[in-house]
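Worksheet for the structure shown next.
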Amino acid sequence: MKVLIAVKRVVDANVKVGVRSDSTGVDITNVKMSMNPFDEIAVEQAVRLKEAGVASEVIVASCGSSQAQETLRTALAIGADRAVLVETTVDLQPLAVAKVLKALVDKERPSLVILGKQAIDDDSNQTGQMLAALAGLPQGTFASKMVLADGKVTVSREVDGGAETLSLTLPAIVTTDLRLNEPRYVTLPNIMKAKKKPLETMKPEDLDVDVTPRLKTLKVTDPPKRSAGVMVHDVKTLVGKLKTEAKVL
Ligand code: AMP
Numbered sequence: 011m012k013v014l015i016a017v018k019r020v021v022d023a024n025v026k027v028g029v030r031s032d033s034t035g036v037d038i039t040n041v042k043m044s045m046n047p048f049d050e051i052a053v054e055q056a057v058r059l060k061e062a063g064v065a066s067e068v069i070v071a072s073c074g075s076s077q078a079q080e081t082l083r084t085a086l087a088i089g090a091d092r093a094v095l096v097e098t099t100v101d102l103q104p105l106a107v108a109k110v111l112k113a114l115v116d117k118e119r120p121s122l123v124i125l126g127k128q129a130i131d132d133d134s135n136q137t138g139q140m141l142a143a144l145a146g147l148p149q150g151t152f153a154s155k156m157v158l159a160d161g162k163v164t165v166s167r168e169v170d171g172g173a174e175t176l177s178l179t180l181p182a183i184v185t186t187d188l189r190l191n192e193p194r195y196v197t198l199p200n201i202m203k204a205k206k207k208p209l210e211t212m213k214p215e216d217l218d219v220d221v222t223p224r225l226k227t228l229k230v231t232d233p234p235k236r237s238a239g240v241m242v243h244d245v246k247t248l249v250g251k252l253k254t255e256a257k258v259l
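Under this note's numbering, the sequence shown has 61 at position 51, and the numbering climbs by one with no breaks.
Shown next as structure tokens:
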């Protein structure tokens, strides 16, 4: 069984980014980039399926600049078998990525596609859902547990006030939530091994996909500054301030 994983190169989760002076976006010059954390969970899940003898091949795919090769090499070091980079300098929006992934699904015919529930840079939370619609496949989003058996994947997802369990017939699309697993650390020997694993590069045009942006960002601004908190010395003053000054938003 083939498993396809989508991985995005994003600003590292520990980096605090700032808005560009012309308000056109976030300044990412010289900042540390890493694999989107939810995608690391997706790769880990697929590699576990391979180790359990359920998956036969794990393919990782990324769309973006040539630097995304680094992200793909990390996925190969976690244990994926081969990688595909769909290279473009266009600023990709979720619909464009979903179309590229749909073309890869048509080409590779995986039984399972795992994506992150959202990319932590744009927080769109759209690509998996759009891919499921374009490919006409069932989707289990925000998976906190998944079990494969008898041509089906059972997905548990946390919903308001409880848990929901879905049964999807393969092939299917799953998106990962934080609780699904804890990704392993990449070891040096595996980083070395990953250098020899196949990494194919193609362009969106090779897949007949138009990735032209459909949405225009008008403005990006910093969040409003919060005023400093006030320290009080005793409970009486605190209760007094709560009565007279505290506001409910
Ligand atoms: P989003 O809809 O942008 O929040 O992204 C959801 C998921 O789609 C991510 O966690 C990735 O698995 C996948 N994805 C988004 N953008 C890309 C990209 N440029 N290349 C590969 N996968 C992507």
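From the three backbone atoms N, C-alpha and C, an ideal C-beta is built for every residue, glycine too.
- Item | Thr211 and Val94 closer than 9 Å at C-beta | Stepping through the sequence shown from its first residue, residue 211 is reached at position 201. Stepping through the sequence shown from its first residue, residue 94 is reached at position 84. Cβ distance < 9 Å, so Thr211 and Val94 count as in contact.
- Message: Please return the same chain residues whose Cβ sits closer than 8 Å to the Cβ of Asp218, not counting the five positions on each side in sequence.
- Response: Sequence index remark: in the sequence shown, residue 218 carries index 208 (1-based). The residues are Ala113.
- Alpha-carbon to alpha-carbon, Arg167 and Lys173: Position 163 of the sequence shown, counting from 1, holds the residue named residue 173. Position 157 of the sequence shown, counting from 1, holds the residue named residue 167. In the sequence on display, residue 173 carries Ala and not Lys. Spanning the two alpha carbons is a distance of roughly 6 Å.
- Closest to Ile88 by CA distance: which of Leu59, Pro47 and Asn200 is it? Against the sequence shown, residue 88 aligns to sequence position 78. When only C-alpha atoms are compared, the closest one is Asn200.
- Grouping DSSP H, G and I as helix and E and B as strand, with all else coil, what is Ala142? Counted from its first residue, the sequence shown places residue 142 at position 132. Helix, per DSSP.
- Item | Beta-carbon proximity list for Pro208, same chain, < 6 Å, skipping 5 on both sides | Position 198 of the sequence shown, counted from the first residue, corresponds to residue 208. Only residues of its own chain outside the window of five on either side were considered, and among them Arg92 have a CB closer than 6 Å to the CB of Pro208, listed in chain order.
- Pick helix, strand or coil for Glu80, following the three-state DSSP scheme. Locating residue 80 in the sequence shown gives position 70, counting from the first residue. Note: Glu80 maps to helix in three-state DSSP.
- Task: Rounded to whole angstroms, what's the CA-CA distance from Lys26 to Ala159? Just pull it up for me.
- Result: Here residue 26 is taken as the residue at index 16 of the sequence shown, counted from 1. Here residue 159 is taken as the residue at index 149 of the sequence shown, counted from 1. So the two alpha carbons sit approximately 42 Å from each other.
- Task: Please report the Cβ distance between Ala56 and Val13, rounded to the nearest whole angstrom; I am assuming they are in contact, meaning their Cβ atoms lie under 8 Å.
- Result: As a working mapping, residue 56 is identified with position 46 in the sequence shown. As a working mapping, residue 13 is identified with position 3 in the sequence shown. Indeed they touch by this definition, with Cβ atoms about 4 Å apart.
- Message: By alpha-carbon positions, which one of Lys162, Lys206, Gln139 and Arg30 ends up nearest to Pro181?
- Response: Translated into the one-based positions of the sequence shown, residue 181 becomes position 171. It is Lys162.
- Task: Tell me whether Ile88 sits in a helix, a strand or coil according to DSSP, three-state version.
- Result: One-based indexing of the sequence shown puts residue 88 at position 78. Helix at Ile88.
- Item | Any non-hydrogen atom of the ligand AMP within 8 Å of Leu125 CB | Residue numbering aside, residue 125 sits at position 115 when the sequence shown is read from its first letter. Result yes, Cβ under 8 Å from the ligand AMP.
- With a threshold of 16 other CB atoms inside 10 Å of the CB of Gly126, please say whether the residue is buried or exposed. For the purposes of this step, residue 126 is identified with residue 116 of the sequence shown, where counting begins at 1. Buried: at least 16 other Cβ atoms inside 10 Å.
- For Met202, which of helix, strand or coil comes out of DSSP? Counted from its first residue, the sequence shown places residue 202 at position 192. Reduced to three states, the DSSP call for Met202 is helix.
- Item | Contact test: Gly89 Cβ vs the ligand AMP heavy atom, cutoff 8 Å | For the purposes of this step, residue 89 is taken as residue 79 along the sequence shown, with counting starting at 1. Not so, every heavy atom of the ligand AMP lies at least 8 Å from the Cβ.
- Task: Can you give me the Cβ contacts of Pro214 inside the same chain, cut-off strictly under 7 Å, excluding the 5 residues immediately before and after it?
- Result: The residue given as residue 214 occupies position 204 in the sequence shown. Same-chain partners within the cutoff: Val96, Thr98, Val110 and Val221.
- Query: Along the chain, where does the alpha helix (DSSP H) that runs through Ile277 open and close?
  - Reply: The displayed coordinates of the chain run from 11 to 259. Any statement about residue 277 would go beyond what the structure contains.
- Query: Where does Val110 sit, in a helix, a strand or coil, going by DSSP?
  - Reply: Position 100 of the sequence shown, counted from the start, is the residue given in the question as residue 110. Note: Val110 maps to helix in three-state DSSP.
- Minimum C-alpha distance to Leu122 - residue among Pro104, Val157 and Gln136: One-based indexing of the sequence shown puts residue 122 at position 112. The candidate whose alpha carbon is nearest that of Leu122 is Val157.
- Task: Helix, strand or coil for Ile38, going by three-state DSSP, please let me know.
- Result: Stepping through the sequence shown from its first residue, residue 38 is reached at position 28. Of the three classes helix, strand and coil, the one that applies to Ile38 here is coil, per DSSP.
- Query: Under 9 Å, do Asp131 and Val36 count as touching if we go by C-beta distance?
  - Reply: Working through the sequence shown from its first residue, we reach residue 131 at position 121. Working through the sequence shown from its first residue, we reach residue 36 at position 26. Cβ distance < 9 Å, so Asp131 and Val36 count as in contact.
- Item | Cβ-based neighbour list, Glu54, same chain, cut-off 6 Å, excluding 5 preceding and 5 following | Against the sequence shown, residue 54 aligns to sequence position 44. Excluding sequence neighbours, Glu54 sits near Asn191 and Pro193.
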